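Residue numbers (this note's numbering), protein chains in the order written: chain G, 61 to 347; chain Y, 29 to 294.
C-beta: ideal position from N, C-alpha, C; glycine also.
Owing to the predicted nature of the structure, the values given are computational and were not obtained by experimental measurement.
Single-structure report; data block below.
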Amino acid sequence: MSIKTKNLTFKYSEGTQFETKALDNINIEIKKGEFVGIIGHTGSGKSTLIQHFNGLMKPDEGDVIIEGKSLKDKKTKLKLIRQTVGLVFQYPEYQLFEETVYADVAYGPKNLELDENEINDRVKYALDLVGFNYEEIKDRSPFDLSGGQKRRVAIAGVLAMKPKYLVLDEPTAGLDPSGRNEILSQIERLHEKSKITVILVSHSMEDIARLVNYIYVLNKGKLHMEGTPKEVYSNSEELKRIGLGVPQIVDIMKELKYKGLMVDTNIFNIQDAKNEILRVIRGNSNV
Amino acid sequence: MFKNITIGQHYPIESYIHNLDPRVKIIITFIFIISLFIVNNFAAYLFVVLFLSVIIVLSKVPVLMVIKGLKPILIIIIITFLINVFMTSGEIIYTLGPLDITKEGLTQAGFMALRLILLIMGTSMLTLTTSPILLTDGIESLLNPYKKIGLPAHELAMMMTIALRFIPTLMEETEKIMKAQKARGADFESGNIFKRAKSLVPLLVPLFVSAFRRADDLAMAMEARCYRGGENRTRMRQLGITKKDIYAGVFTVVYLGIIIYSRIYW
């Protein structure tokens with residue numbers, strides 16, 4: 061079971077002089093249980109790509125196959141696809157509209173025409189997953205909450221559909237560091253606890269390095285690179301060339317090595333970096 | 029879904045008509061509308077069509093573009109036509125079930141339809157040849173004399189400018205929210221009219237919330253740059269009457285004279 065794209069191509073303003081290829085021959089396969097990251101410069105086609113994952117956009121050429129169902133197939137029920145793949149847009153708090161948090165989270169399940177008990181269970185489940193106390197929050201107005209809380213309610217609104225895949229577009233954009241940490245650790249927990257496949261789109265190399273186990277790099281609508289974080293970040297010059305960066309810690313390790321400290325530069329999170337530096341320093345003083 | 033609206037669109041090129049002072053164009057448009065209601069026979073319509081053709085040719089706007097502007101009101105024109113055909117009493121020339129078609133009805137219907145078509149084409153020439161900014165500048169300047177009786181001319185014009193400026197932004201926003209709700213299983217396309225109207229709530233509430241937020245932000249940003257209404261405010265582009273405007277004015281007055289003459293003596 062997977063989300064698979066086959067030679068996926070998508071053009072904007074087809075047939076006019078403004079025609080641009082937003083996606084150009086993309087072939088990827090995201091298997092169940094993975095935690096993948098999609099990175100790319102603004103306008104690289106990330107958002108267009110993820111909107112193909114749940115059928116909001118249809119491919120011009122090629123195909124997208126979600127759990128064996130092709131988007132090209134007219135018999136494929138889009139509602140089912142959208143239930144299978146939950147998509148959380150950038151700034152999802154702007155989609156909140158109901159009077160209470162409960163009603164807003166229940167909107168998705170209601171659209172699935174589930175019975176009252178099931179809806180109730182799902183709202184509880186979803187609010188719990190994003191770290192809210194159900195009793196405390198359910199009757200409050202979503203518009204009275206703080207930015208980070210609103211965003212978590214909006215994410216709960218998607219989780220209440222019980223998707224097998226969760227796609228998040230820049231989930232931490234515009235949040236303060238504590239809100240950012242909260243969201244990220246909840247996403248991490250979600251992946252571990254409920255075994256949801258998570259697809260994270262982000263500008264932040266730190267976030268990506270911390271969470272994902274496979275990275276796709278998009279550039280100008282093309283798949284530029286892919287691999288484990290180690291593989292991708294070891295190629296830091298190439299990433300910088302296409303307007304992306306590497307986690308700061310990678311730069312620090314490289315600089316240390318340049319200054320003469322013989323550390324391993326294939327490190328992209330702070331914990332590993334600390335251990336490596338300590339290892340090298342202790343190794344030196346022992347000599 | 030909103031990309032096909034042509035009414036109120038601007039066609040940015042250089043031409044005699046484009047370069048006229050917006051105030052002159054607004055007044056000419058008004059005179060044109062009034063003249064349409066003075067006309068009472070088909071022969072005089074010939075002059076109206078001639079006048080409009082001169083404007084269209086001078087403006088260098090493709091005729092097709094002007095005609096395309098009629099699309100959104102096509103249904104209104106057809107309904108007006110049919111009502112006039114069937115509801116006017118007089119000499120019956122054909123009977124269609126319970127409905128009678130009369131000679132007078134047919135004439136009246138043709139008259140009304142022509143009037144509507146010319147009305148839309150004439151007014152769309154104003155928006156096609158005048159950028160929204162110039163148009164609001166013109167309106168503000170024309171309303172200025174009424175300031176003495178307490179009409180907030182500058183504020184009205186500013187409101188119009190802002191409204192026009194935010195149309196594309198709000199459309200983009202609508203599309204975004206629509207997608208987000210679709211991702212949660214929303215269905216905007218099927219069901220009867222009540223169900224569809226209800227399905228718009230999840231779209232409209234966030235849209236209004238964001239519109240108010242934007243309005244707040246904009247007000248704040250304007251105040252931060254010391255905006256305080258029209259008092260002592262100068263413009264980057266001053267409006268001014270040139271020879272071209274005078275010719276256009278004379279041309280229009282002659283036209284109006286002919287129309288009034290036709291009404292009285294024909």
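- Residues are counted here when their Cβ sits less than 8 Å from a Cβ of chain Y; for the region 112–142 of chain G these are 114, 116, 139, 142, given in chain order.
- Taking CB atoms only, residue 70(G) has no neighbour in chain Y less than 8 Å away.
- Residues of chain G with a Cβ closer than 9 Å to the Cβ of residue 41(Y) do not exist; the shortest Cβ-Cβ separation is about 17 Å.
- The residues 63, 64, 67, 146, in chain order, have a CB closer than 7 Å to that of residue 76(Y) in the same chain once the five nearest residues on each side in sequence are set aside.
- Ranked by Cα distance from residue 87(G), the options 108(G), 116(G), 100(G), 122(G) are led by 122(G).
- Rounded to the nearest angstrom, the gap between the Cα atoms of residue 252(G) and residue 181(G) is 21 Å.
- DSSP links residue 279(G) through a beta bridge to 282(G).
- When beta bridges are read from the DSSP output, residue 146(G) appears opposite 226(G).
- Under DSSP, residue 236(Y) takes part in no beta bridge, so it has no partner.
- At a beta-carbon threshold of 7 Å, the residues of chain G lying near residue 214(Y) are 171, ordered along the chain.
- Per DSSP, the unbroken beta strand (DSSP E) holding residue 67(G) starts and ends at 62–72.
- Residue contact check for residue 226(G) against chain Y: no CB pair falls below 8 Å.
- Of the candidates 104(Y), 103(Y), 133(Y), the residue whose Cα lies closest to the Cα of residue 117(Y) is 133(Y).
- At least one CB of chain G lies nearer than 8 Å to the CB of residue 209(Y).
- Close to chain Y, meaning a Cβ-Cβ distance shorter than 7 Å, is no residue of the region 315–333 of chain G at all.
- Interface flag for residue 168(G) against chain Y is set, since a Cβ pair is found closer than 8 Å.
- Residues of the region 208–237 of chain G with a Cβ closer than 7 Å to any Cβ of chain Y, in chain order: 217, 218, 221.
- The beta-carbon of residue 185(G) is placed no less than 8 Å from the nearest beta-carbon of chain Y.
- When beta bridges are read from the DSSP output, residue 124(G) appears opposite 65(G).
- Among the residues of chain G, those whose CB is under 8 Å from the CB of residue 229(Y) are 157, following chain order.
- Not flagged as an interface residue toward chain G: residue 100(Y), since no C-beta distance is shorter than 8 Å.
- Within the region 246–274 of chain Y, not one residue has a Cβ closer than 8 Å to any Cβ of chain G.
- Assigned with DSSP and collapsed to three states, residue 269(Y) falls in coil, not helix or strand.
- When DSSP states are grouped into helix, strand and coil, residue 288(G) belongs to the coil group.
- Checking the DSSP bridge columns, you'll see residue 192(G) has no partner listed.
- Taking a cut-off of 8 Å on C-beta distances, the region 182–190 of chain G touches the region 162–169 of chain G, as three or more cross pairs fall below it.
- For residue 151(Y), the closest C-alpha among the options 268(Y), 48(Y), 60(Y), 41(Y) is that of 60(Y).
- The DSSP-derived three-state label of residue 74(Y) is helix.
- Between residue 239(Y) and residue 198(Y) a beta carbon distance of about 7 Å is seen, short of the 8 Å cut, so the two are scored as contacting.
- Note on geometry: alpha-carbon atoms of residue 188(Y) and residue 47(Y) lie some 22 Å from one another.
- CA-CA distance, residue 254(G) to residue 289(G), rounds to 23 Å.
- Apart from the 5 residues on each side of it in sequence, residue 130(Y) sits with its Cβ closer than 7 Å to the Cβ of 116, 117, 118, 119, 120, 121 in its chain, given in chain order.
- Listed along chain G, no residue sits closer than 9 Å to residue 87(Y) by beta-carbon distance, the nearest being about 24 Å off.
- Under the Cβ distance rule, residue 109(G) does not count among the residues neighbouring chain Y, no pair being separated by less than 8 Å.
- Contact residues of the region 298–315 of chain G toward chain Y are absent (C-beta to C-beta distance below 8 Å).
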